[in-house]
Structures are given as structure tokens and as C-alpha cells.
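S.K.: Protein chains in written order, with full-length UniProt numbering: chain A, 1 to 328; chain B, 1 to 197.
To start, I am sharing the structure in question, which I have written as C-alpha cells.
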């Protein structure tokens, strides 16, 4: 049962903030005195989009986007969307279809990337569009005089969003930018070497960057508990296969560019989900049998759980084979 | 008598060495010394050269063996002296330091408290329980702490109530919870058993 179906919001402004990045502002549908739920820095919402695929069929996309507006401002939510070239449709829909005044359905905010409450100092490492959760987190920390610094890398000065305003707001001693086109790189060895005990590190950006930072931190003797990351995955495409639902006695076909979860929803099967990006663990489903190899694409299941072949995260993982039987 | 399955009951998974730590700070009490001595048998210079030992003898004496490791060694006369020193060390320490503790539960709990107060996540402190199972108990009624509790029920050394010693543990005060066992019918107390030897 999907508990977090959410609310309707009006898009009140759409701004281009960098190359291929647009900022969307949402306010509640019902009246000017209505307020949105409070959230904590690092939260995301899942935006439901009804678009059309190449063949002209209606497709529903649900993508998670980090909230970047101030957690103290319950009059609006802001998200930023990068128009990805390899988009399955979601980011193109947001960029090309959504207009000011449109009504969208979003989920309640969920936080899988919170500020570590006991932390003495917080270091944020952002790559490209990975800046968005940190904007809300820095806002929250600044309000309570928390100690933080941001190291923000982007491809070029026009690709990087918000760096100028962040520098202005928090100062260049707290906001360090690294422009790839100008040959600037984050010096991780130096950065990790001299941090006071109780420092926490947060990384958001492309997968190779997250992996590299985690490895560097581990090699510098940082406990895993002090290193946090978030990466939402788009469900990868693959060959079509059949999902058999044991309890409801149904067969559902999963298309090339569909996730199992999306195929179930298209067939009106109500499956559990939260982040839809392989991070939260809510859609964990028991596998009864599989004729083929499960392609685990999530960040959630442990190595042992993957190898057991008994569990699958249906939001991003799929089958390379003919048929999978799920306990649904 | 104990309610089982209480999640706050600490687990001590062993003094696993983090090979990447820049600084290994090890707090040892009594038989806890053996946990380190076993790990140090490999004589890995990379580990020993970055090792600092804080030691309280407790009921046993492994001081000579610990000194023979030729690591940075300091012997504390009492646990509270060690905790003070540990707090001072941690106040100026950097990331890359790994804290370890081995000994009785009460000792480990107090080291962990100093560690978490200094900003270390409790899950990243490597611990190994050695020696007595005696518990540090906090009376939920008067808040007094009674050390080295081996029986259940036990008497609060502060207010004198007879306490059921629970598995319910507080990391904040580094003690198990003791709750009055005869509140309904004063004096109706089950036989005292030696539960935590």
C-alpha cells in the first residue's frame, strides 16, 4: 500500500538557473493561507508527471527531487531539475511541458539524507545538480549557527547552478567552488586530513564521485558512520520480462523502459514505495522464484541479500530473463 | 525476570582494528587488556606506531605486557582519571582517530559516553567485553548510579529501594535501568539471584 500519495500544488514560477537546470516553485492549491508540510534539510518529494512516450501513449513518471527551499518557509517548496540527455521522460517533461500555473501532484517530504544531529561540523560535497539538498541543509544549519562548509564542483560556470548566490550568502570561506573547465579540483586528501573530531561528510552527485569520496574518506580513517551520501537512480532500461504476482494471481509485463513498480502501477496494482530511486528500502519485495538473473540496481540491499536472490527493490531493479514471481 | 529483546542492550562486537585509522586510541580496563594484546600479536608496525593505550589495571595486572608493546602508554590510577584524560585528548583530536574500549560493561559504557560527548558516533567505537558481567545501574527513582551490581534484584546504594535490573540501557548515562520491584506491595521481593557475575 502506497501511504505517501501526497498533495496537489500549483507551479507559481519556473526559472532557468543554469545551463539545462530549471527551478520550480510550488505553493498549495487551496488558498493563500494554506501551508505546506514542514520538512527537514535533505528531504525530497516525489513528483508525479503524466507525459507521453515516443509512441504517443500516456505514461506516468514519478521522480524524486530534493527540496532546496528553506525548511523554515512553509509557504512554498522549490526544486531544481536538470534536463538529462538520457532522460526516460521525467526531466524532459518538467522542462518542456510544465508551465507556470500548472497543477502537479507531489508526495509528502521524506528525508533519507538528514543532517547528523550529533555532528560538530558538516562538510558538504556537491557535484553539479547534487547541490540541491545541501541548499536546504545549509539554510537549516545557518539558522542554528551550525558549523559547515560546502565544496561544490561543476562542469563550467554556466553549468553550475546557484554558486554565485551561495558564495554571496555564506561567504567564500564557507563556500568553495571548483570549476572543471578552469581545471579546479577538490583536494580531498587535504580536506579530509585536518577536520576536527565529530565532523560529518555529505556527498551528493554522480555515482563515480560518490564512490571516490567514500573511498578517500575510508582511507583517511573516517568511520563509515560519518560519511553520508544520496543518489537517486533513474530505473535503468532493459529487456522486457513478465512479473507473476503470487498473491493476486496476475501477470504483468514490464516494458523495456519501465520499472517493475511502474508496470505494476500501470496495471493498477498498489505496491509500496517511497523514494523510487533505490535508496529508501520501502519497496523491498520478496522474490519467490526467478527464471533469469536479477539485476540489482539499488543502494539498499546488502551483498548477502542480493546474493540470496530472495529480495528485489522493484523501483529500480529488474530481471534479465523471462519471468520473475513476486510475493505480492 | 529480565525482559528480553530490548534493543538498547549494547552489543560488543570485538576490538576490530580499522586498518586506515591515523591514530588508534585504546582504553583498557582489567581483563580488557587481553583483547588488545591478542590483536597486537601480529606486531604490525603500522598499527603499533599509531597506537595509544590508556590503561586502568582493575582487578588484574597486564601492565607489563602492554608496556612491552612499546606503544604510547599511560596508566591511570582510577577510571574517572582516565575518563578525564580521554576527554581532553578527544577535545583536540581530528577525524581519522579511532576509539576502542575493552573491559567490563560499566567501563566500556563510560568510555563510549566520553566519546559520544566529543562527537563520535557510538557505532564507530569498537568495543570488546572482557571480565565481569557486573552492571552499572541507574535508579530511575533517585537517579543515583550504583556500580558493580551483580545481583537481581539489587539495592540502590543511594535511596535504598530494591531494584529490578533491566536490559534497558542508556548510552547517555552509560548505565542499565533499575526499577523498584516492590512498588505495589512493599516488601514483597523475589529471591535475590546472582545474575551478573
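In this text, a Cβ means the ideal position worked out from N, Cα and C, and glycines have one as well.
Note that the structure is predicted; figures quoted are calculated from it, not measured.
On the three-state DSSP scale, how would you describe residue 185 of chain A?
M.R.: For this step, residue 185 of chain A is matched to residue 185 along the first chain. Three-state DSSP puts residue 185 of chain A in coil, outside helix and strand.
S.K.: Is residue 47 of chain A closer than 9 Å to residue 14 of chain A when the C-beta atoms are compared?
M.R.: What you label residue 14 of chain A is simply residue 14 of the first chain in a count that begins at 1. What you label residue 47 of chain A is simply residue 47 of the first chain in a count that begins at 1. Contact flag unset, no.
S.K.: For the alpha helix (DSSP H) containing residue 304 of chain A, list its first residue and its last residue.
M.R.: To locate residue 304 of chain A, count along the first chain from 1; it is residue 304. Note, residue 304 of chain A: alpha helix (DSSP H), 303-308.
S.K.: To which residues of the same chain is residue 240 of chain A closer than 7 Å at the C-beta, ignoring the five residues directly before and after it?
M.R.: The residue you call residue 240 of chain A lines up with position 240 of the first chain. Once the five neighbours on either side are set aside, the close Cβ partners of residue 240 of chain A are 253, 254, 255 and 256.
S.K.: Can you pull out the residues from the region 9-21 of chain B whose beta carbon lies closer than 7 Å to at least one beta carbon of chain E?
M.R.: In the displayed structure, chain E is absent; the protein chains listed are A and B.
S.K.: What residue range is occupied by the uninterrupted beta strand (DSSP E) comprising residue 14 of chain A?
M.R.: Start at 1 with the first residue of the first chain, and residue 14 of chain A comes out as number 14. Segment 7-18, the beta strand (DSSP E) holding residue 14 of chain A.
S.K.: Give the range of the beta strand (DSSP E) segment to which residue 312 of chain A is assigned.
M.R.: One-based indexing of the first chain puts residue 312 of chain A at position 312. Unbroken beta strand (DSSP E) run through residue 312 of chain A: 311-313.
S.K.: For residue 46 of chain B, which residues from the same chain have a beta carbon less than 6 Å from its beta carbon, with the 5 sequence-adjacent residues on both sides left out?
M.R.: Within the second chain, residue 46 of chain B is the residue found at index 46, counting from 1. Result list for residue 46 of chain B: empty, nothing under 6 Å.
S.K.: What would DSSP say about residue 98 of chain B, mapped onto helix, strand or coil?
M.R.: Position 98 of the second chain holds residue 98 of chain B. It is a strand residue.
S.K.: Under a Cβ-count criterion, where at least 16 other Cβ atoms within 10 Å of its own Cβ denotes burial, should residue 132 of chain B be classed as buried or exposed?
M.R.: Looking up residue 132 of chain B in the second chain gives position 132. The residue in question, residue 132 of chain B, is buried, as its Cβ has 16 or more Cβ neighbours within 10 Å.
S.K.: Using DSSP bridges, identify the partner residues of residue 74 of chain B.
M.R.: Numbered from 1 along the second chain, position 74 holds the residue referred to as residue 74 of chain B. Per DSSP, B:54.
S.K.: Is residue 5 of chain B buried or exposed, if buried means 16 or more other CB atoms sit within 10 Å of its CB?
M.R.: Reading the second chain from its first residue, position 5 is the one you call residue 5 of chain B. Classification for residue 5 of chain B: exposed.
S.K.: What three-state label does DSSP hand residue 169 of chain B in the structure shown?
M.R.: Translated into the one-based positions of the second chain, residue 169 of chain B becomes position 169. Residue 169 of chain B: strand per DSSP, three-state reduction.
S.K.: Any beta-carbon of chain B closer than 9 Å to the one on residue 1 of chain A?
M.R.: Sequence index remark: in the first chain, residue 1 of chain A carries index 1 (1-based). Because residue 1 of chain A carries a pLDDT of 41, less than 50, the predicted location of this residue cannot be relied on, and the following value inherits that uncertainty. So no, residue 1 of chain A is outside the interface.
S.K.: Can you give me the C-alpha to C-alpha distance between residue 102 of chain A and residue 24 of chain A, rounded to a whole angstrom?
M.R.: In the first chain, the residue the question calls residue 102 of chain A occupies position 102. In the first chain, the residue the question calls residue 24 of chain A occupies position 24. Answer to the nearest angstrom: the Cα atoms are 11 Å apart.
S.K.: What residues in the region 44-58 of chain B have a beta carbon less than 7 Å from any beta carbon of chain A?
M.R.: none
S.K.: Using three-state DSSP, classify residue 28 of chain A as helix, strand or coil.
M.R.: Residue mapping note: residue 28 of chain A aligns to position 28 of the first chain, counting from 1. In the structure shown, residue 28 of chain A sits in a strand (DSSP, three-state: E or B).
S.K.: My output table needs one value for residue 119 of chain B: the three-state DSSP class, helix, strand or coil.
M.R.: Counting from 1 along the second chain, the entry for residue 119 of chain B is found at position 119. In this structure, residue 119 of chain B counts as coil in the three-state DSSP scheme.
S.K.: Using C-beta distances below 8 Å, list every residue in its chain close to residue 2 of chain A, excluding the 5 sequence neighbours before and after it, in chain order.
M.R.: Locating residue 2 of chain A in the first chain gives position 2, counting from the first residue. Reliability of the predicted coordinates at residue 2 of chain A is poor, the pLDDT of 49 falling under 50, and no value is obtained from them.
S.K.: Check the Cβ of residue 94 of chain B against every Cβ in chain A and list those closer than 8 Å, keeping chain order.
M.R.: Stepping through the second chain from its first residue, residue 94 of chain B is reached at position 94. Residue 94 of chain B reaches chain A at 193, 194, 195, 196 and 197, counting residues in chain order whose Cβ is nearer than 8 Å.
S.K.: From residue 42 of chain A to residue 85 of chain A, what distance separates their C-alpha atoms?
M.R.: The sequence position of residue 42 of chain A within the first chain is 42, counting from 1. The sequence position of residue 85 of chain A within the first chain is 85, counting from 1. About 25 Å.
S.K.: Tell me which residues share the same chain as residue 386 of chain A and place their Cβ nearer than 6 Å to its Cβ, disregarding the 5 neighbours each side in the sequence.
M.R.: In the structure as shown, chain A starts at 1 and stops at 328, and residue 386 of chain A therefore has no counterpart that could be examined.
S.K.: I need the DSSP call for residue 33 of chain B, collapsed to helix, strand or coil.
M.R.: The count along the second chain starts at 1 and reaches residue 33 of chain B at position 33. Of the three classes helix, strand and coil, the one that applies to residue 33 of chain B here is helix, per DSSP.
S.K.: At which residues does the beta strand (DSSP E) containing residue 91 of chain A begin and terminate?
M.R.: By one-based count along the first chain, residue 91 of chain A stands at place 91. Segment 90-96 is the alpha helix (DSSP H) holding residue 91 of chain A; no beta strand (DSSP E) there.
S.K.: Here's a check: name, in chain order, each residue in its chain whose Cβ is nearer than 7 Å to the Cβ of residue 151 of chain B, leaving out the five neighbours to either side.
M.R.: Here residue 151 of chain B refers to the residue found at position 151 when the second chain is read from its first residue. If we look at residue 151 of chain B and ignore the five residues flanking it on each side, its Cβ neighbours are 192, 193, 194 and 195.
S.K.: Starting from residue 64 of chain A, follow the beta strand (DSSP E) in both directions and report where the run begins and ends.
M.R.: Here residue 64 of chain A corresponds to residue number 64 of the first chain, with the count starting at 1. 58-66 is the span of the beta strand (DSSP E), which, as asked, contains residue 64 of chain A.
S.K.: Return no unless some Cβ of chain A is closer than 9 Å to the Cβ of residue 198 of chain B.
M.R.: Because chain B in this structure spans residues 1 to 197, residue 198 of chain B falls outside the shown range and cannot be described.
S.K.: Using 9 Å as the threshold, is the C-beta distance between residue 278 of chain A and residue 291 of chain A below it?
M.R.: The residue you call residue 278 of chain A lines up with position 278 of the first chain. The residue you call residue 291 of chain A lines up with position 291 of the first chain. Not closer than 9 Å, so no.
S.K.: By the 9 Å beta-carbon criterion, what residues does the region 109-136 of chain A contribute toward chain B?
M.R.: 116, 118, 119, 120 and 121
S.K.: Mind checking the region 105-128 of chain B against chain A and listing, in chain order, the residues whose C-beta falls within less than 8 Å of any C-beta there?
M.R.: 116, 118, 119, 120, 121, 123 and 124
S.K.: When the Cα atoms are used, what is the spatial distance from residue 191 of chain A to residue 107 of chain B?
M.R.: The sequence position of residue 191 of chain A within the first chain is 191, counting from 1. The sequence position of residue 107 of chain B within the second chain is 107, counting from 1. If you take the alpha carbons of residue 191 of chain A and residue 107 of chain B, they lie about 34 Å apart.
S.K.: Enumerate in chain order the residues of its own chain whose CB-to-CB distance from residue 29 of chain A is below 7 Å, with the five nearest sequence positions on each side excluded.
M.R.: Your numbering for residue 29 of chain A matches position 29 in the first chain. These residues qualify, in order along the chain: 8, 9, 10 and 103.
S.K.: So for residue 18 of chain B, helix, strand or coil by DSSP?
M.R.: The residue labelled residue 18 of chain B in the question sits at position 18 within the second chain. Residue 18 of chain B falls in the coil class under three-state DSSP.
S.K.: Residue 134 of chain A lies in the alpha helix (DSSP H); which residues open and close that run?
M.R.: As a working note, residue 134 of chain A is residue 134 in the first chain. Counting along the chain, the alpha helix (DSSP H) containing residue 134 of chain A begins and ends at 132-143.
S.K.: Once DSSP output is grouped into helix, strand and coil, what is the label at residue 326 of chain A?
M.R.: Residue 326 of chain A sits at position 326 when you count from the first residue of the first chain. Strand, per DSSP.
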